[in-house]
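Using the numbering used here, read the first sequence as starting at 401 and increasing by one per residue.
Backbone N, C-alpha and C fix where the C-beta goes; we use that ideal spot for every residue, glycine too.
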Amino acid sequence: MTQKAILLDAAYSDENEVSVITLYVTSKGKNFWLKDKNFHPYLYVIAGKNESEKLAEQIMKMSFGEGKEEKAIKVQKIPAANEGEKEVLKVSFKRVSTLVNARKIFSELGVEKREYDIPYAKRYLLDKRLEPGNGVEYVPEGEEELLGLNDGEGAVSGIKYSSIKISSIKPMEMPFEGKATAFDFETKFSQKFTIGGEPILMTSIVSGDVLGGKQKNRVFSYETKKIKGLEILKDEKELLRETQDELNAQNSFIITYNGDNFDFAYAKERAKKLKQEFLVNGAQPKSIRKGLDNAIKLSGIQHIDAYQIMKLMQRTGAVNTVKLDIETVSEKVFGEEKEKVYPKEITEAWESGDEKKLTRLVDYNLKDSITAFKIASEFLPMFIEISKLTSQTLFETTRNSTSQMVEDLLLKEAHFRGIIAPNKPKENEVTQRTMNPIKGAFVKEPIAGLHENIAVLDFASLYPSIIISHNISPDTLNCKHKECKEKNTTPDGTWFCTKEKGLVPEILEKMLKQRLKLKAEYKKKKKEGHDDKVLFAKQWALKIVLNSVYGYLGYPRARWYSRECASATTALARQYIQETISKAEKSGFEVVYGDTDSNFLKMLDKSRADVEKFLEKVNAELPETMELELDGFYKRGIFVTKKEGGAAKKKYALMDEKGNLKIVGFEYVRRDWCNIAKETQKRVIEMVLSEGKTKEPVEYVRKVIKDLKEGKVPKSELVVMTLLQRKPKDYTAIGPHVAAVMKAQERGKKIDVGSMLSFIITKGNTKSSISDKAELEEYVNEGDYDADYYIENQVLPAVIKILQEFGYSREDLISGGKQTGLNSWN
DNA sequence: TAATTCGCTAGACCGA
DNA sequence: TCGGTCTAGCGAA
């Protein structure tokens, strides 16, 4: 009698004074709700030794509100693995609202409480270990019925849904599938932009299976010319209705690009103005605060905002683009050029009905939806894995911070092991933690100059492997055993139990092993010619979470924050890397550089076999889960001297046998340097490393300087990009980018905090400061640039440090070798 | 409601 | 006008 379906969403509704869990699932192309009445909201209360019985009696008598229903329905004493002598009571309620009242009353009474702030639906998923995106097996109870749902403020009464009562449910493996629809609006332009201020002109729709395959595309508009690929509807009202119908066609996912901040809010406003409804799955799209951002939550159906996905991929280093607009992403991630159509052009194309312009607009509108859909198809497999690990919906995992992912994982696994979670820290505790930072990694000062034959070694997953090897966990810290103190004391003086596995290392070990297995499987399949994207996504999901655990332990707002654990981890890391350095030196290598987990060995008279032998020797002496690996051999590498003297850390360039260049930390990889400086630097590094020749780069730099002086360099090469991190008035030091913004704002331009700014240093007044001459790119004419600035403050600093290593000076670059006056070109 | 620390550099700011 | 200090941003791991 069991049934199977794929789990999409979990929520709750209040029904006859009882909070009930509702799960949105999909099976064989049909979506419906499951209803579980057997799970109740609860929290834990801590009592002293032998005091729980008395407290339990007291709580059972208490009333947590006006009605007679506002009482605890059950108080149980439960064993807790981590509360020591204290006794723990689990207090359950009929309704979430009663729990909310109760926790306030407990606070007033000074009753110690735990896990009181975990949302009910999230609690349900964690406790039952259900995995959104994966299968569930449930036992139906009674017939399918049509019921009204009351899912908070956005719900609409009078609409009935297919719903099945269930008696039990558990997770199961099921291949993922689900129908998705991506949509995108184009709106009419106005000088003063407001959400919903002007009509929506066009909608594009792309639907199909979320992981790709055959798709249905539509673009529709109204009151404009009918052209190929464009449907003409009666008016905006019909456009909205048609969009709504598409969104309600049995979708599991709805995909947007920035739908959290634009499309849904726009539709809502327009619908209000046109006096009609805009409902998805029978409810208003609901605006939810997510950190500093807004998110749009739909009832049941998972709203996937591809822009949020890209932001997360950017944060975790999976992609690296300067901007995250859909055009840049399309090009950088999929290698597809995408033309941008600006708001004014959109309106013009629509109003004029000009066939060419309209065709371009239709194409643009459709490609937005296609690209958003593609991003979802590409990255959802990975988020599904994170959803499985953390038991959170895809709506959550595509928007969560990495700390949230780790915390959800820990909550889930702690519950499984009977460990009560620590409370979130209070604000003053957060401040305390923040003021007391943890000492981090060791970075060895490099030997400046050009080096030949370098072997780069690094530790695989250094921090996770240390945490596992030394069993570093809040629950194993400074245990009572004398033996552990003797055997497993860290350089910090803290020690960790060697007898019982800690919560954190246990989880990490499982994930690390799993990841190695997946990686090997993926590699094997790839060798056989099959690029298995799901395998890759799985191991990448594990990588993200694995790498975030150390950061989480040192994160001041974490429930499981542990200064001792985080600090012990880095202390051991410093010890291991320094030991490796001395071992390498003893083995006859010269160690040129090292940062956190890496070692750069100059091979001198040694062979590759010697490096392999060295690796073997080191690995034999390391704990089992730790491993030093070979990153690669490089024929040349360069480190440069700092302005202040001494060699610069975190800045180097390597070239391998095949001539491939790896540039790290240099201006070339920084977005806050202009292109001409970056490209010149790259060419110089390339020449210096590939041929070891040094005369050519000097000639090359002189040519660049000459072009700059002659005003030949185009704007695009001179743009410097910087993020506006706060409101202009909040800066104490007004840098060039802030000055440029303030000038633009005076001209009436609207710029939000968090925008990427492109600015140029113009000719301006020679005597004035750099900030005075900074202007946003859009206000600068071709040729209007301060050549002096770009030569002295961009190109020369980028190349001088490299060429200095070969005996050249600034003077050699700016003139024929003879020193001339500073401003000789003016 | 935000993962961590280490490190480099530019350019404003400020007092002599 | 000079030089030291501070603010700000971004990258490495």
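Membership of Trp-895 in any alpha helix (DSSP H) is not indicated, and neither H nor E is assigned to it by DSSP. In the DSSP annotation of this structure, Leu-1061 is not part of any alpha helix (DSSP H); the continuous beta strand (DSSP E) holding it starts and ends at 1061-1064. Contact between Lys-824 and Val-1040 does not hold, since their C-beta atoms are separated by about 45 Å, which reaches or exceeds 8 Å. Going by beta carbons, Met-713 and Val-719 fall inside the 8 Å limit.
In the DSSP annotation of this structure, the continuous segment of the alpha helix (DSSP H) that includes Met-782 starts and ends at 755-790. A contact between stretches requires three or more CB pairs, one per stretch, nearer than 8 Å, and the region 798-806 fails this requirement with the region 744-754. In the three-state reduction of the DSSP assignment, Asn-431 falls in the strand class, which pools E and B. The Cβ neighbour count for Asn-431, taken over all protein chains shown within 10 Å, is at least 16; the residue is labelled buried. Annotation for Gln-978: Phe-842 place their beta carbon closer than 7 Å to its own, counting only its chain and skipping 5 residues before and after. The DSSP-derived three-state label of Asn-661 is coil. Straight across, the Cα-Cα distance linking Gln-914 with Leu-942 is about 8 Å.
Sequence-distant partners of Arg-1102 (beyond 5 residues in either direction) whose C-beta falls short of 7 Å from its own C-beta, in its chain, are Leu-1213. As DSSP reads the structure, Phe-1033 sits in a beta bridge with Ala-855. Between Ile-907 and the set Lys-899, Glu-778 and Pro-864, the nearest pair of CA atoms involves Pro-864. If only uninterrupted beta strand (DSSP E) runs of at least 3 residues are considered, none is enclosed by the region 885-932. With a contact defined as Cβ atoms closer than 8 Å, His-703 and Gly-735 miss out at about 27 Å.
For Val-488, same chain residues with a beta-carbon under 8 Å away, outside a window of 5 residues either side, are Tyr-444, Val-445, Ile-446, Ala-447, Ser-452, Lys-477, Ile-478, Pro-479, Ala-480, Arg-514 and Ile-820 in chain order.
In the DSSP annotation of this structure, the continuous segment of the beta strand (DSSP E) that includes Phe-1000 starts and ends at 998-1002. Note that the C-beta distance between Phe-493 and His-440 is below 8 Å. The beta carbon of Asn-651 lies closer than 7 Å to those of Lys-579, Ala-580, Thr-581 and Ile-701 in the same chain, with the five residues before and after it left out. Lys-1143 and Asn-661 have their C-alpha atoms some 27 Å from each other. The C-beta of His-930 has fewer than 16 other C-beta atoms within 10 Å across all chains shown, which makes the residue exposed. Distance from the Cα of Val-806 is smallest, within the candidate group Phe-1014, Pro-905, Tyr-1179 and Phe-779, for Pro-905. Judged by DSSP secondary structure, Leu-443 falls within the beta strand (DSSP E) whose first and last residues are 442-447. Classified as exposed, Lys-1127 has fewer than 16 neighbouring CB atoms from the shown chains inside 10 Å of its CB.
It is roughly 55 Å from the alpha-carbon of Ser-1171 to the alpha-carbon of Asp-1010.
The three-state reading of DSSP puts Met-1026 in coil, since its state is none of H, G, I, E or B. Taking a contact as a CB-CB distance under 8 Å, the pair Leu-758 and Val-619 does not count as one, their CB atoms being some 10 Å apart.
Judged by DSSP secondary structure, Val-729 falls within the alpha helix (DSSP H) whose first and last residues are 726-734.
If the five residues before and after Ala-749 are omitted, its C-beta is found closer than 6 Å to the C-beta atoms of Lys-757, Leu-758 and Leu-761, all from its own chain and listed in chain order. If you draw a straight line from the Cα of Lys-924 to the Cα of Asn-999, it is about 29 Å long. Annotated three-state conformation of Tyr-1100 is helix, per DSSP. About 6 Å separates the beta carbon of Tyr-993 from that of Lys-844, a gap short enough to meet the 8 Å contact definition. Scanning Phe-576, Ser-1158, Ile-1105 and Leu-1030 for the CA closest to the CA of Glu-785 turns up Phe-576. Between the region 1075-1083 and the region 1105-1123 there are three or more inter-stretch CB-CB distances shorter than 8 Å, so the stretches are counted as touching.
A direct Cα-Cα distance of roughly 10 Å separates Gly-988 from Leu-1001.
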